[in-house]
């Protein structure tokens with residue numbers, strides 16, 4: 001390591017720039033993979049199965065408990081103002097605009113994003129990606145672009161499932177356990193949620209899907225050149241951790257930005 | 264057989280996902296059963312419509328019968344709301360429109376108290392007998408004494 | 414003698430951890446004759462694998478040129494590079510088999526992706542190759558279920574599918590026991606006799622590997638010494654080469670004793 005702190009700062013700055021540049025090129029290649037033939041439909045199906053169907057159970061339970069907590073907590077707070085009739089709209093708005101997209105993205109990053117990163121990282125260090133290059137098979141078309149597409153398909157659907165299950169959880173807690181009337185819960189959520197709110201939720205889930213799959217697959221792809229990752233199997237575990245942390249943070253940051261811009 | 268399970272899993276996932284989407288769109292979105300042509304517009308003049316938003320519900324006896332489609336400022340500083348109301352709901356001339364809210368901080372909506380007059384409002388006519396936002400007395404009593412009424 | 418590959422004053426360096434620069438190749442010139450076998454040897458970390466990656470265009474040179482059949486790899490991009498790579502077959506260190514594909518699918522991959530052959534043709538071709546490499550009966554296994562030697566054989570079978578004119582071998586016997594190494598060498602000699610490709614073998618299995626070599630290149634401190642035959646190395650008077658020979662021969666001598 002350089003001892004001069006200014007040199008070190010400059011060094012880090014240059015590294016960050018290079019890293020960002022690499023990420024941008026990676027994204028570009030992933031999109032170019034869409035137009036390369038033949039497109040691997042089968043791989044896409046496999047990935048949708050892994051990312052989407054494979055995450056249903058964890059999404060279901062996360063959504064159910066989130067919805068129930070929102071129901072109880074919301075009831076407790078709203079009751080103080082005699083506004084428990086608002087519970088339906090409070091729960092559904094919170095889920096559709098914020099918690100649905102964000103928590104789904106975080107769960108998917110932890111479950112599927114980490115697996116994507118590790119898989120690609122292992123393919124990199126065991127020279128499978130080099131082998132593809134040598135056979136003149138574009139690795140992006142072959143297995144990276146299908147992952148991007150699968151994530152973009154699966155995430156909004158998972159988010160929708162999360163929203164519905166969460167609203168149902170809120171119903172169980174608010175109507176079943178507390179004394180909110182079923183009519184006012186449903187009426188509240190129907191009257192307050194607008195198309196705009198649903199659209200915001202969908203846009204968020206697409207953006208989060210892109211962030212998660214982009215960061216996770218690129219971290220794995222560049223495992224050999226990421227600073228501080230080291231080499232071999234250990235480097236894959238390090239970049240996987242890094243990928244999950246980075247994608248989770250960027251999901252949270254972009255959640256704020258999108259809310260601020262689109263609300 | 265192995266291939267089939269993969270496809271079935273994906274198929275199931277897609278169905279569940281899209282069903283959730285459709286539910287959100289139909290139940291919560293503004294894809295209402297009130298389509299154009301089955302509604303007519305009445306106007307209503309208010310002194311104050313603070314808190315009423317476009318799309319707010321119009322209710323008769325607590326039942327949704329339409330929504331607020333336009334909010335504008337009329338002559339003499341009154342607010343004019345356009346209420347899009349289902350055709351089957353006839354509004355007699357002596358009816359009253361009032362701004363109500365669901366709970367103390369709830370959404371504002373328009374309540375129509377239908378009168379008994381023979382003569383009905385025709386589309387485009389203006390309801391002048393109205394009650395504006397904020398029923399302060401009852402708000403304060405509710406706030407101060409909680410749910411005494413229950 | 415025509416050369417299949419020629420390096421002209423090639424420089425390749427890496428940034429070191431301490432901020433310094435390590436020259437892996439420091440102005441290297443050599444050529445690899447067509448149809449012959451060249452062995453690149455040298456201690457670990459001397460840039461043997463880097464040399465292969467430069468040839469394949471997987472890494473970029475700092476300066477200099479690399480000609481393959483008269484075309485400069487360092488100037489090629491995209492499509493042209495892909496076309497040039499079709500000339501190569503590569504056996505990677507660990508075999509680089511695709512974990513998610515079976516043995517059959519791995520070997521069929523280049524045919525499926527790069528040719529317009531029908532499914533039946535591919536089926537036949539792959540079956541023939543697998544038989545050649547004594548892999549019949551293992552078609553449906555995944556790479557993780559194979560021994561190291563078998564993985565290399567599958568890797569070789571895959572690399573040979575498109576009948577490359579140049580074969581690159583990255584440490585073909587690393588991690589294999591002596592019996593298996595011997596098997597790989599036999600396999601190499603046989604396929605070489607059959608297909609007559611130009612080959613480059615990166616290895617530190619010295620001196621056994623020299624039996625296969627028509628030409629030997631020793632890498633040392635970013636420089637290369639080229640020898641027409643393995644015998645020439647022993648006559649060299651450069652001290653580091655004598656030391657290298659001493660060391661590697663010594664190792665072999667010891668391992669003979671152990672055996």
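Protein chains in written order, with my numbering: chain A, 1 to 263; chain B, 264 to 413; chain C, 414 to 672.
The beta carbon of each residue, even a glycine, is placed where N, CA and C say it ideally should be.
Remember, predicted model here, so these are calculated numbers, not experimental data.
Residue i versus residue j - alpha carbon distance
i                      : j                      : result
residue 211 of chain A : residue 199 of chain A : 18 angstroms
residue 272 of chain B : residue 213 of chain A : 21 angstroms
residue 42 of chain A  : residue 247 of chain A : 27 angstroms
residue 658 of chain C : residue 647 of chain C : 7 angstroms
residue 653 of chain C : residue 416 of chain C : 28 angstroms
residue 563 of chain C : residue 604 of chain C : 16 angstroms
residue 261 of chain A : residue 221 of chain A : 32 angstroms
residue 392 of chain B : residue 187 of chain A : 27 angstroms
residue 554 of chain C : residue 476 of chain C : 44 angstroms
residue 290 of chain B : residue 176 of chain A : 20 angstroms
residue 631 of chain C : residue 595 of chain C : 23 angstroms
residue 677 of chain C : residue 444 of chain C : Examination of residue 677 of chain C is not possible in this model, given that chain C is present from 414 through 672 alone.
residue 337 of chain B : residue 252 of chain A : 44 angstroms
residue 651 of chain C : residue 587 of chain C : 28 angstroms
residue 456 of chain C : residue 656 of chain C : 12 angstroms
residue 265 of chain A : residue 11 of chain A  : Within the shown structure, residues of chain A are numbered from 1 to 263, placing residue 265 of chain A beyond reach of any answer.
residue 481 of chain C : residue 208 of chain A : 45 angstroms
residue 429 of chain C : residue 435 of chain C : 6 angstroms
residue 351 of chain B : residue 306 of chain B : 17 angstroms
residue 376 of chain B : residue 355 of chain B : 10 angstroms
residue 139 of chain A : residue 94 of chain A  : 40 angstroms
residue 433 of chain C : residue 8 of chain A   : 13 angstroms
Closest residue to residue i among the options (Cα-Cα distance)
i                      : options                    : result
residue 282 of chain B : A:176, A:114, A:47, A:159  : A:159
residue 461 of chain C : C:520, C:491, C:581, C:517 : C:581
residue 520 of chain C : C:624, C:548, C:621        : C:548
residue 29 of chain A  : A:180, A:261, A:176, A:145 : A:145
residue 185 of chain A : A:74, A:60, A:5, A:225     : A:74
residue 252 of chain B : B:362, B:309, B:308        : The structure shown does not extend to residue 252 of chain B, since chain B is modelled only from 264 through 413, so no value can be given for it.
residue 14 of chain A  : A:196, A:227, A:259        : A:227
residue 167 of chain A : A:54, A:70, A:55, A:9      : A:70
residue 451 of chain C : C:464, C:489, C:567, C:527 : C:464
residue 479 of chain C : C:448, C:458, C:421, C:513 : C:421
residue 493 of chain C : C:614, C:622, C:469, C:507 : C:469
residue 317 of chain B : B:339, B:302, B:343, B:301 : B:343
residue 570 of chain C : C:474, C:504, C:612        : C:504
residue 524 of chain C : C:636, C:515, C:536, C:625 : C:536
residue 579 of chain C : C:602, C:598, C:561, C:610 : C:610
residue 510 of chain C : A:60, A:224, A:34, A:122   : A:122
residue 215 of chain A : A:57, A:114, A:104, A:100  : A:114
residue 110 of chain A : A:100, A:244, A:31, A:143  : A:244
residue 329 of chain B : B:360, B:285, B:280, B:274 : B:360
residue 72 of chain A  : A:53, A:87, A:102          : A:87
Those residues which DSSP pairs with residue i across a bridge
i                      : result
residue 649 of chain C : Answer is none; residue 649 of chain C lacks a bridge partner.
residue 738 of chain C : Residue 738 of chain C lies beyond the stretch modelled for chain C, which goes from 414 to 672, so this question has no answer here.
residue 637 of chain C : C:632
residue 381 of chain C : No answer is possible for residue 381 of chain C: the residues shown for chain C start at 414 and end at 672.
residue 386 of chain B : Beta-bridge pairing links residue 386 of chain B to no other residue.
residue 304 of chain B : B:347
residue 355 of chain B : B:383
residue 329 of chain B : B:321, B:348
residue 615 of chain C : C:453, C:583
Terminal residues of the alpha helix (DSSP H) in which residue i lies
i                      : result
residue 362 of chain B : Residue 362 of chain B -> not in any alpha helix (DSSP H); beta strand (DSSP E) instead, spanning 359 to 364.
residue 65 of chain A  : 56 to 79
residue 11 of chain A  : 5 to 32
residue 130 of chain A : 128 to 134
residue 150 of chain A : 145 to 171
residue 572 of chain C : 561 to 573
Residue i - containing beta strand (DSSP E), residue span
i                      : result
residue 583 of chain C : 579 to 583
residue 633 of chain C : 628 to 633
residue 555 of chain C : Taken as a continuous stretch (DSSP letters only), residue 555 of chain C belongs to no beta strand (DSSP E), as it is neither H nor E.
Residue i beta carbon near the ligand COA (any heavy atom closer than 7 angstroms)
i                      : result
residue 342 of chain B : For the ligand COA, the structure offers nothing, since it holds no ligand at all.
Contact list for residue i against chain D, beta-carbon separation under 9 angstroms
i                      : result
residue 471 of chain C : Absent here is chain D; the protein component of the structure consists of chains A, B and C.
| request: Using a Cβ-Cβ cut-off of less than 9 angstroms, list which residues of the segment 195 to 206 of chain A approach chain C; keep chain order. | output: none
| request: Taking only beta carbons into account, state which residues of the segment 159 to 177 of chain A come closer than 9 angstroms to chain B, listed in chain order. | output: 159, 160, 161, 162, 163, 164, 165, 167
| query | Using Cβ-Cβ distances below 7 angstroms, what residues of the segment 492 to 504 of chain C are close to chain A? | reply | 495, 498, 499, 501, 503
| If you measure beta-carbon to beta-carbon, which residues of the segment 504 to 523 of chain C are closer than 8 angstroms to chain A? | 505, 506, 507, 509, 510, 511, 512, 522, 523
| What are the residues of the segment 120 to 152 of chain A that lie near chain C, defined by any Cβ-Cβ distance shorter than 8 angstroms? | 122, 123, 126, 127, 128, 130, 131, 133, 134, 135, 136, 137, 142
| query | Going along the chain, which residues of the segment 41 to 61 of chain A sit with their C-beta nearer than 7 angstroms to a C-beta in chain B? | reply | 45, 46, 48, 49, 52, 53, 56
| said: Give me the subset of the segment 217 to 238 of chain A whose CB atoms are less than 9 angstroms from a CB atom of chain B, sorted by chain position. | reply: none
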